[in-house]
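Below: one structure, written as structure tokens.
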Amino acid sequence: MGVMDKVVDSAAEAVADIPDGATISVGGFGLCGIPSVLIAALLEAGTTDLEAVSNNAGVDGWGLGLLLGAGRLRRMVASYVGENKEFARQYLAGELEVELTPQGTLAERMRAGGSGIPAFFTATGVGTQVADGGLPWRYDAAGNVVVASPAKQTQEFDGREYVLEHAIVADYGLVRAWRGDRHGNLVFRDSARNFNPLAAMCGRVTVAEVEELVEPGELDPNQVHTPGVFVHRVVALTPEQAADKRIEKRTVRS
Numbered sequence: 407m408g409v410m411d412k413v414v415d416s417a418a419e420a421v422a423d424i425p426d427g428a429t430i431s432v433g434g435f436g437l438c439g440i441p442s443v444l445i446a447a448l449l450e451a452g453t454t455d456l457e458a459v460s461n462n463a464g465v466d467g468w469g470l471g472l473l474l475g476a477g478r479l480r481r482m483v484a485s486y487v488g489e490n491k492e493f494a495r496q497y498l499a500g501e502l503e504v505e506l507t508p509q510g511t512l513a514e515r516m517r518a519g520g521s522g523i524p525a526f527f528t529a530t531g532v533g534t535q536v537a538d539g540g541l542p543w544r545y546d547a548a549g550n551v552v553v554a555s556p557a558k559q560t561q562e563f564d565g566r567e568y569v570l571e572h573a574i575v576a577d578y579g580l581v582r583a584w585r586g587d588r589h590g591n592l593v594f595r596d597s598a599r600n601f602n603p604l605a606a607m608c609g610r611v612t613v614a615e616v617e618e619l620v621e622p623g624e625l626d627p628n629q630v631h632t633p634g635v636f637v638h639r640v641v642a643l644t645p646e647q648a649a650d651k652r653i654e655k656r657t658v659r660s
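For the sequence shown, this note's numbering begins at 407 and goes up steadily by one.
So, in structure tokens, the structure goes:
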């Protein structure tokens, strides 16, 4: 296919150059739309000391929870952590640094990073520790706060106060798409779109695992959610890999 063919042979090859200490943006919401095959490959590769930017950290034993459980994450930027007991244990024991960020703010920080916008003002978090600083980022083993969030710049626009939030640019982006072509154009399906386009945008090098690989020209350009300019590597999943999707909670009551 020539120079525009971004397909690599395996997930292992796609993540092989991610170094220890890298920052990764990871698509998905809960377990919906997570790049589970790429996460497993990163686990297998032994890559460690990672900072992950993702809505949440998966659950115990699946998704980012696999990297977390193996002690591979040093820092997490997320908006929700309630499904993962090991996450809470590591955070409170001082083993993991956590930057909790309002969900819409996290989404916009990632979008801004992919758009070349270094920072933006938002009303979300004004009058709270999000803006004033003091949110515990890291504890020590005794439960003392050793790193806290800094105070952020605020400014008034049209009589209302806003807080300055900085964009996020990750070294690598890991995403999962429903369909993708060899040029890296991606289509997500229903709610699995969630944070995936944003994680793809803000990665300097973005790797997409796709459930169905098609040839260039087969995707309707009007239906493409993430253009190939944001995507550098494409991994075609096997039918078995594509079908392996976990559900966090099958019921809400007995």
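Ideal Cβ positions, reconstructed from N, Cα and C, are used throughout, including at glycine.
These numbers come from a predicted model, not from an experiment.
Which of helix, strand or coil does DSSP assign to residue i?
i, result
"E559", "Correcting the residue type first, residue 559 is Gln in the shown sequence and not Glu. In the structure shown, Q559 sits in coil (DSSP, three-state: anything other than H, G, I, E or B)."
"P441", "coil"
"A605", "helix"
"Y486", "coil"
"V581", "strand"
"V658", "coil"
"S416", "coil"
"D538", "helix"
"P554", "One point to set straight first is that residue 554 is Ala, not Pro, in the sequence displayed. If DSSP states are grouped into helix, strand and coil, A554 belongs with the strands."
"M407", "Low confidence applies to M407: its pLDDT is 49, below 50, so where it sits in the model is not reliable enough to give any reading."
"V575", "coil"
Between the options, which has its C-alpha nearest residue i's C-alpha?
i, options, result
"R639", "E646, R610, R599, G475", "R610"
"E624", "N591, E615, Q647, N490", "N591"
"G475", "Y497, G522, A513, S485", "Y497"
"E503", "R517, G434, Q561, V487", "V487"
"T644", "C608, D626, E618", "E618"
"G477", "R595, S460, L512, T453", "T453"
"R566", "P556, D596, A529", "A529"
Is the Cβ-Cβ distance between residue i and residue j less than 8 Å?
i, j, result
"P525", "G540", "The identity of residue 525 in the sequence shown is Ala, whereas the question assumes Pro. In this structure, G540 does not lie closer than 8 Å to A525 by Cβ."
"V593", "Q629", "yes"
"P672", "V536", "As displayed, the chain neither begins before 407 nor continues past 660, which places residue 672 out of reach and without an answer."
"V616", "A598", "no"
"D411", "R588", "yes"
"A573", "G519", "yes"
"V483", "G531", "no"
"V613", "V421", "yes"
Next item on the list: Please list the segments of the beta strand (DSSP E) lying wholly inside the region 607-646, counting only runs of 3 or more residues, in order along the chain.
Entry: 609-620, 639-642
Checklist line | Inter-stretch contact at 8 Å, needing at least 3 Cβ pairs: the region 604-619 / the region 571-589 | finding: yes
Notebook entry, point to check: Does the pairing of the region 466-475 with the region 445-453 give three or more beta-carbon distances under 8 Å?
Noted result: Verdict: yes, contact present.
Margin query: Across the region 644-657 and the region 423-438, are there enough close Cβ pairs to call them in contact, namely three or more that are closer than 8 Å?
Written below: yes
Item checked: 4-residue-minimum alpha helix (DSSP H) runs that sit fully inside the region 448-525, ordered along the chain -> DSSP runs (the alpha helix (DSSP H)) wholly in the region 448-525: 470-475, 491-498, 509-521.
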